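Taking it in order: structure first as structure tokens, then the write-up.
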Amino acid sequence: MCDGAECGDGSGCGDGTGRRRQRVGNGTKPRPCVKCGQGRAVVVIRIGDAFCRACFHEYFVHKFRAMLGKNRVIFPGEKVLLALSGGMGSSAMLRQVQEGLSREAAKRLRFVPGVIYIDEGAVCGQSLEQREQTLSRIEALLQETGFPYYLASLEQALELPGSILRRGPGGGSEPGPSYKSAVDGFIQQRRQEEAGGDGGSLAAGLSTQHGPIGDSHTCLPAAARTEELLRLFDSAETLTAKEELLQMLRSHLVLHTARTQGYTKVMTGESCTRVAVKLLTNLALGRGAFLAMDTGFVDSRHGDVIVVRPMRDYMAKEIAFYNHFFGVPTVITPPLQAKRREKTSIHRLMENFLLGLQVDFPSTISTVYRTGEKLSLAPAEANSEQQRCLLCLCALDIAGEEELALEPTLVKDTENGAESRAAFIPLLCYSCRLTFKEMGPPATLPTYVRTEAERRSCRALMKEQIQEFLLEDDDEEEPGGS
1047 MCDGAECGDG SGCGDGTGRR RQRVGNGTKP RPCVKCGQGR AVVVIRIGDA FCRACFHEYF
1107 VHKFRAMLGK NRVIFPGEKV LLALSGGMGS SAMLRQVQEG LSREAAKRLR FVPGVIYIDE
1167 GAVCGQSLEQ REQTLSRIEA LLQETGFPYY LASLEQALEL PGSILRRGPG GGSEPGPSYK
1227 SAVDGFIQQR RQEEAGGDGG SLAAGLSTQH GPIGDSHTCL PAAARTEELL RLFDSAETLT
1287 AKEELLQMLR SHLVLHTART QGYTKVMTGE SCTRVAVKLL TNLALGRGAF LAMDTGFVDS
1347 RHGDVIVVRP MRDYMAKEIA FYNHFFGVPT VITPPLQAKR REKTSIHRLM ENFLLGLQVD
1407 FPSTISTVYR TGEKLSLAPA EANSEQQRCL LCLCALDIAG EEELALEPTL VKDTENGAES
1467 RAAFIPLLCY SCRLTFKEMG PPATLPTYVR TEAERRSCRA LMKEQIQEFL LEDDDEEEPG
1527 GS
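My numbering numbers the first residue of the sequence shown as 1047 and each following residue consecutively.
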């Protein structure tokens, strides 16, 4: 809910459902702020939580800092890559980092940020001119931040190396003592710098790495690459498969950028609303075993690069109000386009379902979100790459010898070797098998996926051939045994 005086044109007043809300109060008498008791309330987050403009800003900033401080995942001086989509959540996240690194901040953030934006216009129906305009707007926005930034196109995901599908070294959250030691070391280093006359701000040296991944100007990929990408998406039989494919390529490209540029953390801008939708969507897609990793604050499946979601406590309407009141710019790109007569995706069905319930039952999304908070953060263990899914890198939740009802459907084509569908099946988790069933021929998959699949298949075959010569831990006699 918002005051008409603050939102005269009604812009930015949506709650994620496209419906307008009622005004604050039930008459002409202004409602006071529940925090300071003096200012006039301009926004109501929940029933009874009416804030004035200044208190709402303080509330929003504190919520972001508290989320980072409570989890203690990001260390002082650590390089963090912000994944900017141009939408409300990631744009608000970028603004929070900007304010947190400014000299005026009471408790300044201590990490070193960079930003990546991926142009997905090719698969969203945008023309070349529209894509160039979007990239120009994004680049102008990123230049104002003073952070290092990287502009990429989705077509670049087709050129990724096969190593992107392998888990890096390390992983998991760092223990408390290590975090405390890092903070003490960072503070001592800052004091030494200030004593030596080099007491500039933490963000002072961040503008030296400007420019996109491969070029210093905004430019679109070759037409041949765009056509290859479009063929890949056209081969997908359903809009659900296309959504999953887009998410996979996007995450792999962000991960590759983080690794090559030396970032150990990636921040994404999913809101509480988006997390709730994703939780139910992934349940429907057969990813129940990985919900904690797919929707939790920390996602450590990649080992050397950890994904964090600091905006997941914010409702979509909170973010919309913040962006509107404080002028946070956004660059919205259209969603994936469905073909004529093509059914909508599970993702959109679940989003419409949840937002529809939210209108009549305002606690729907928060209830789903808090239910997800109770999920275990420790999915099935995977001790080797052979026990991890080829596409999502989660632990395989299907035994190798288990035959599923969907298997006869998957093993239909007559191709031979690693290019056949049958060769991919043992490498995929249950959910990715369902998605793979709706993809086109394996030959249309990105080269890095086919290359890694062939490598894993060869290693599995080699291990099978020498299995009788290998010593298993279970077969070794325990010390002191008879």
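Glycine included, every Cβ here is placed at the ideal spot set by N, Cα and C.
Computed from a predicted structure; not experimentally measured.
Minimum C-alpha distance to Leu1155 - residue among Ile1411, Gly1133 and Gly1123:
Gly1123
For Lys1311 versus Val1158, is the C-beta distance shorter than 8 Å?
no
Any idea which residues DSSP pairs Ser1199 with across the strands?
Asp1165
May I have the straight-line CA-CA distance separating Gly1083 from Arg1077, to the nearest angstrom?
9 Å
Just the Cα atoms here: how many angstroms apart are Arg1320 and Leu1181?
25 Å
Counted within 10 angstroms of its Cβ, other Cβ atoms place Pro1215 as buried (16 or more) or exposed:
exposed
So the beta strand (DSSP E) Ile1365 belongs to, where does it begin and stop?
Premise fails: Ile1365 lies in the alpha helix (DSSP H), Ala1362 to Phe1371, not in any beta strand (DSSP E).
For Pro1207, does the three-state DSSP call read helix, strand or coil?
coil
Rounded to whole angstroms, what is the Cα-Cα separation between Met1508 and Arg1434?
18 Å
By the 10 Å Cβ neighbour count, where 16 or more other Cβ atoms means buried, how is Gly1146 classified, buried or exposed?
buried
Straight-line Cα distance separating Phe1102 from Cys1475
44 Å
To the nearest angstrom, report how far apart Asp1345 and Val1161 are at their CA atoms.
19 Å
Check whether the region 1361-1381 and the region 1170-1177 are in contact - that is, three or more C-beta pairs closer than 8 Å.
yes
Exposure of Thr1504, with buried meaning 16 or more beta-carbon neighbours within 10 Å
Checking the sequence, you will find Cys at residue 1504 rather than Thr. It is exposed - the Cβ of Cys1504 has fewer than 16 other Cβ atoms within 10 Å.
Apart from the five residues just before and just after Ala1469, which ones in its own chain have a Cβ nearer than 6 Å to its Cβ?
Ser1503
From the DSSP secondary-structure annotation, give me the bridge partner or partners of Ile1352.
Lys1311
What span of residues does the beta strand (DSSP E) with Leu1127 cover, start to end?
Lys1125 to Leu1130
Using a threshold of 8 Å, state whether the C-beta atoms of Gly1135 and Gly1315 are closer than that.
yes
Compare the beta carbon distance of Ala1138 and Ile1411 with 8 Å and say whether it is the shorter of the two.
no
Just to check my reading of the structure: Leu1301 and His1348 have Cβ atoms closer than 8 Å, yes? What is that Cβ distance to the nearest angstrom?
6 Å
First and last residue of the alpha helix (DSSP H) that includes Val1107?
Arg1099 to Asn1117
Compute the Euclidean distance between the alpha carbons of Glu1166 and Phe1336, then round it to the nearest angstrom.
26 Å
For Gly1083, which three-state DSSP category applies?
coil
DSSP puts Arg1012 in a beta bridge; with which residues?
Any question about residue 1012 goes unanswered here, given that the chain covers just 1047 to 1528.
Closest Cα partner of Met1294 within the set Thr1306, Gln1307, Leu1278 and Gly1308
Leu1278
Identify every residue that forms a DSSP beta bridge with Gly1160.
Leu1127
Taking a contact to mean a Cβ-Cβ separation below 8 Å, would you say Thr1493 touches Ser1281 in this structure?
no
His1108: buried (16+ other C-beta within 10 angstroms of its C-beta) or exposed?
exposed
Does the distance from the C-beta atom of Glu1201 to that of Leu1275 stay below 8 Å?
yes
Could you tell me the alpha carbon to alpha carbon distance between Arg1212 and Phe1110, rounded to whole angstroms?
32 Å
If we count the other Cβ atoms within 10 Å of its Cβ and call it buried at 16 or more, is Asn1328 buried or exposed?
buried
Bridge-paired residues (DSSP) for Val1344:
Val1354
Alpha carbons only, please: which of Phe1371, Thr1417, Glu1175 and Arg1305 is nearest the one belonging to Leu1326?
Thr1417
What does DSSP give as the partner residues of Ala1096 in its beta bridges?
Val1090
Quick test of your reading: Arg1296 and Val1351, contact by CB under 8 Å. State the CB separation rounded to the nearest angstrom.
The Cβ separation is near 14 Å, so there is no contact.
Quick one: what's got a C-beta closer than 6 Å to Glu1523's C-beta in the same chain, skipping five residues either side?
With a pLDDT of 47 at Glu1523, under the threshold of 50, the predicted position of this residue should be treated as unreliable, though the coordinate-derived value follows. Same-chain partners within the cutoff: there are none.
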